[in-house]
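Going by my numbering, the sequence shown runs without a break in its numbering and finishes at 1239. C-beta atoms are modelled at their ideal positions from N, C-alpha and C, and glycine is treated no differently.
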Amino acid sequence: MSNPLYDTLFGHHTGKPTQFIHLPDGKMITHDDFLHITARYANALTKLGMKAGDRVAVQIEKSPEAIAIYAACAQAGLVFLPLNTGYTPEEVGYFIGNSGARIFICDSAKAVSLKPNAQTSGAMLVTLDADGTGSFSDLAKTLPDSFATVDRTRDDLAALLYTSGTTGRSKGAMLTQNNLISNAQTLAKLWQFTADDILLHALPIFHTHGLFVAINTTLIAGGAMILLPKFNLDQIIAKLPKATTMMGVPTFYTRLLADPRFTGDLTRHMRLFTSGSAPLLAETHIQFEHRTGHRILERYGMTETNMTTSNPYDGERRAGTVGPALPGVEVKITDTKTGATLPDGEVGQLEVRGPNVFKGYWQMPEKTREELRQDGFFITGDLGLIDQYGYIQIVGRDKDLIISGGYNIYPKEVELVLDEQAGVLESAVIGLPHPDFGETALAVLVPKKDANPDIEAISENIAKSLARFKHPRKLVLLGELPRNTMGKVQKNVLRDQFKDIFAE
Ligand code: MCA
Ligand code: AMP
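The structure is reproduced here in structure tokens:
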């Protein structure tokens, strides 16, 4: 028996004093050091009563220890459930309750505010801070630094990642060991990652991009990472000379281009820059090449599918496209109404099938059936076409979703909170172009008859329910919402009316 995920990503590094994580202060953690921490954590999780298949919910700051929790879950056969550090206690309570997580690991600074929601949802709360201290590590320190890896199969769940829906509450995407292994192997090979690579890692590690695309690809190749707590221009500029590769959302690249210190000289030694999670403007791609001589490699994916397409490493990286389907992955463009496959060049919905595609939504068989077809194709909700070169272009979305700086905002979720506010009859949340975040959210509020909603009070109030990145950047009042003959709100009309509201 074996544990394919642990063996493929982590186990083969056992006993190797090779460089793995470089911290901003110059400290370095070897693969072997890391695996000792991992084993202690796996022992601690087991001691706390976790059994194979149990979910471990985690909301902690980015650190080597946070990555070790992920590794420990793999080693102990547990399901890793990372949560955005911006989520409010109310949001966290839902995720714990819905997943049935029996343990919740959080920052000690947030323990008091999070404890009631964790307890109501039935999870035991332990703490782990970014400096590695906390009640969880206190326990781990008393336990052995070796652990008998728990047997698992490729079909077993490795992670549960929540993704919001266009209606109702968030859904837990069930990702198997095979989903993660196959994608990591494919990306490492395609992007030619080796043990000599040092990835400049400034993405958050609670989403697919920073967690699986960045970390798994590095682990499989045996390379190292410079782990920055978050995107910070000064730190990126200071650390770039030590890196060989960098992965980012488009905002990373537009921010870098706006800084005169970001030059061809600074990046000459770099091997690869990749972009994803949101559309990279062709203009950014071109500007980046002019400045640095590098063509950003854009790829496309989703929480439910991991990575699906990528521009080539060696071939032509085409601006405005996300490249062809990855090896072993099938992509087709279908008619949104009939599901029939459309000829190349025609715009339709993008469907994906392959070892990268998730197993379904946690305890939501109906939602799963709606989006994951019997024949294995997953309906992404993205609109695109396959061009004459066989490259895929994402041209829009068939889902009401805003992607702000790489974070997803589901208008419905925000509208439900806004509709509850004093003096508000109804609301519409729309995505509009934003110079820094690519696009971001505007809320249009319709007052109740004779009411005069207090915008400032509403802005403050929604902070109780919604993570900061979901807050509309502006709220405006309007007499009524434009509707079509069926009574559906015409968001395109609103988008047109307010299109320049975030322009510089
Ligand atoms: C921060 N804020 C945001 C965002 N980020 N508001 C809207 N959208 C955002 N993305 C808030 C902050 O709380 C702050 O609020 C204010 O905006 C300004 O923050 P600032 O300091 O400028 O932001 P930052 O901390 O520098 O963060 C911007 C960022 C970050 C670096 C672009 O959002 C980021 O790392 N994004 C990457 C997201 C990501 O990894 N997505 C992958 C998921 P206040 O002013 O009140 O303090 S998608 C995925 O995984 C799929 C599978 C894929 O294809 O990759
Ligand atoms: P998430 O649900 O957070 O995993 O976000 C996935 C969504 O991000 C996809 O469905 C796309 O809409 C979007 N996305 C990811 N990569 C790209 C890209 N390179 N270009 C355009 N959209 C992208």
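Rounded C-alpha distance that separates residue i from residue j
{"i": "Y776", "j": "L740", "result": "17 Å"}
{"i": "P964", "j": "L758", "result": "9 Å"}
{"i": "L948", "j": "L922", "result": "In the sequence as presented, Leu is not what sits at residue 948; that position holds Val. If I take the Cα positions, the gap works out to 8 Å."}
{"i": "K1102", "j": "A1017", "result": "35 Å"}
{"i": "A1054", "j": "D1189", "result": "44 Å"}
{"i": "I961", "j": "H766", "result": "14 Å"}
{"i": "E1039", "j": "D1185", "result": "45 Å"}
{"i": "I1031", "j": "P976", "result": "18 Å"}
{"i": "F1112", "j": "Y1096", "result": "15 Å"}
{"i": "Q1225", "j": "A1176", "result": "16 Å"}
{"i": "T1115", "j": "D886", "result": "32 Å"}
{"i": "V1066", "j": "S1012", "result": "18 Å"}
{"i": "A806", "j": "F769", "result": "9 Å"}
{"i": "T781", "j": "P799", "result": "20 Å"}
{"i": "F685", "j": "I1144", "result": "The structure shown does not extend to residue 685, since the chain is modelled only from 736 to 1239, so the question has no answer here."}
{"i": "R1208", "j": "T753", "result": "45 Å"}
{"i": "N914", "j": "M982", "result": "20 Å"}
{"i": "D1049", "j": "D789", "result": "42 Å"}
{"i": "E1051", "j": "A1238", "result": "33 Å"}
{"i": "G867", "j": "I795", "result": "11 Å"}
{"i": "G957", "j": "P1217", "result": "55 Å"}
{"i": "A919", "j": "M1221", "result": "46 Å"}
{"i": "H1206", "j": "N1196", "result": "11 Å"}
{"i": "I1021", "j": "L1015", "result": "10 Å"}
{"i": "D1110", "j": "I764", "result": "44 Å"}
Identity of the residue in the options nearest residue i by Cα
{"i": "G1166", "options": "D1231, I1190, D1185, E1086", "result": "D1231"}
{"i": "N738", "options": "V1064, L892, E1033, T1038", "result": "L892"}
{"i": "V1087", "options": "M785, L816, L1061", "result": "L1061"}
{"i": "F1023", "options": "H1004, F997, E1039, M1037", "result": "F997"}
{"i": "E1162", "options": "D1171, P1168, T765, L1151", "result": "A quick correction: the sequence has Ser, not Glu, at residue 1162. Here the closest residue by C-alpha is L1151."}
{"i": "K1094", "options": "V1082, E1065, N1041", "result": "N1041"}
{"i": "V1130", "options": "I1190, D1117, F755, L954", "result": "D1117"}
{"i": "T980", "options": "G999, L874, K1067, L1007", "result": "L1007"}
{"i": "N819", "options": "A1202, I1236, D767, V1228", "result": "A1202"}
{"i": "T1073", "options": "T868, T753, K876, G1083", "result": "G1083"}
{"i": "L1212", "options": "I1197, V1181, G828", "result": "V1181"}
{"i": "T884", "options": "G746, R1208, Q912", "result": "G746"}
{"i": "R837", "options": "D969, V847, G1063, V814", "result": "V814"}
{"i": "N1187", "options": "P1207, G1158, I1193, G1214", "result": "G1158"}
{"i": "L895", "options": "Q920, A774, S905", "result": "S905"}
{"i": "V1149", "options": "G900, D1122, V1092, T753", "result": "G900"}
{"i": "D880", "options": "I772, I1236, D1070", "result": "I772"}
{"i": "P851", "options": "E826, S834, D864", "result": "E826"}
{"i": "D1135", "options": "C841, L874, G1141, P1146", "result": "P1146"}
{"i": "F987", "options": "D873, D1171, E1155", "result": "D1171"}
{"i": "F966", "options": "I955, L1077, L938", "result": "L938"}
{"i": "T929", "options": "G784, K1234, I1121, T952", "result": "T952"}
{"i": "A844", "options": "D932, I1021, N1196, L863", "result": "L863"}
{"i": "F941", "options": "K1183, G1141, Q1156", "result": "G1141"}
{"i": "S1139", "options": "Y1035, G1173, S848", "result": "G1173"}
{"i": "G1089", "options": "G828, T911, V793", "result": "T911"}
{"i": "K974", "options": "A1198, D760, V1228", "result": "D760"}
{"i": "I971", "options": "L954, R1003, H936", "result": "H936"}
Delimiting residues of the alpha helix (DSSP H) encompassing residue i
{"i": "V827", "result": "824-834"}
{"i": "H757", "result": "No alpha helix (DSSP H) holds H757; the beta strand (DSSP E) holding it covers 754-757."}
{"i": "T765", "result": "From DSSP, T765 is part of no alpha helix (DSSP H) but of the beta strand (DSSP E) over 763-765."}
{"i": "L1201", "result": "No alpha helix (DSSP H) holds L1201; DSSP gives it neither H nor E."}
{"i": "H873", "result": "Sequence check: residue 873 is Asp here, not His. First-last of the alpha helix (DSSP H) with D873: 870-876."}
{"i": "T921", "result": "912-925"}
Identified DSSP bridge partners for residue i
{"i": "C808", "result": "For C808, which the question treats as bridged, DSSP gives no partner whatsoever."}
{"i": "A959", "result": "I933"}
{"i": "G907", "result": "Y897"}
{"i": "M785", "result": "Bridge partners of M785: none, in fact."}
{"i": "F815", "result": "V791, A894"}
{"i": "R1218", "result": "V1224"}
{"i": "I840", "result": "V793, V861"}
{"i": "T980", "result": "L934, L1007"}
Residue i - containing beta strand (DSSP E), residue span
{"i": "Y1209", "result": "Position check: residue 1209 holds Lys in this sequence, whereas Tyr was assumed. First-last of the beta strand (DSSP E) with K1209: 1209-1212."}
{"i": "F966", "result": "Premise fails: F966 is in no beta strand (DSSP E) and is neither H nor E."}
Inset, instruction - Taking only runs that begin and end inside the segment 1131-1184, name each unbroken beta strand (DSSP E) of 3 or more residues, in chain order. - result: Whole beta strand (DSSP E) segments, 3+ residues: 1137-1139, 1142-1144, 1159-1169, 1173-1182.
Legend entry - 3-residue-minimum beta strand (DSSP E) runs that sit fully inside the segment 1055-1136, ordered along the chain: Listed in chain order, they are 1065-1069, 1083-1088, 1113-1121, 1127-1132.
Legend entry - beta strand (DSSP E) runs wholly inside the segment 982-1067, at least 3 long, in chain order: Here the runs fully enclosed are 1007-1010, 1032-1037, 1041-1045.
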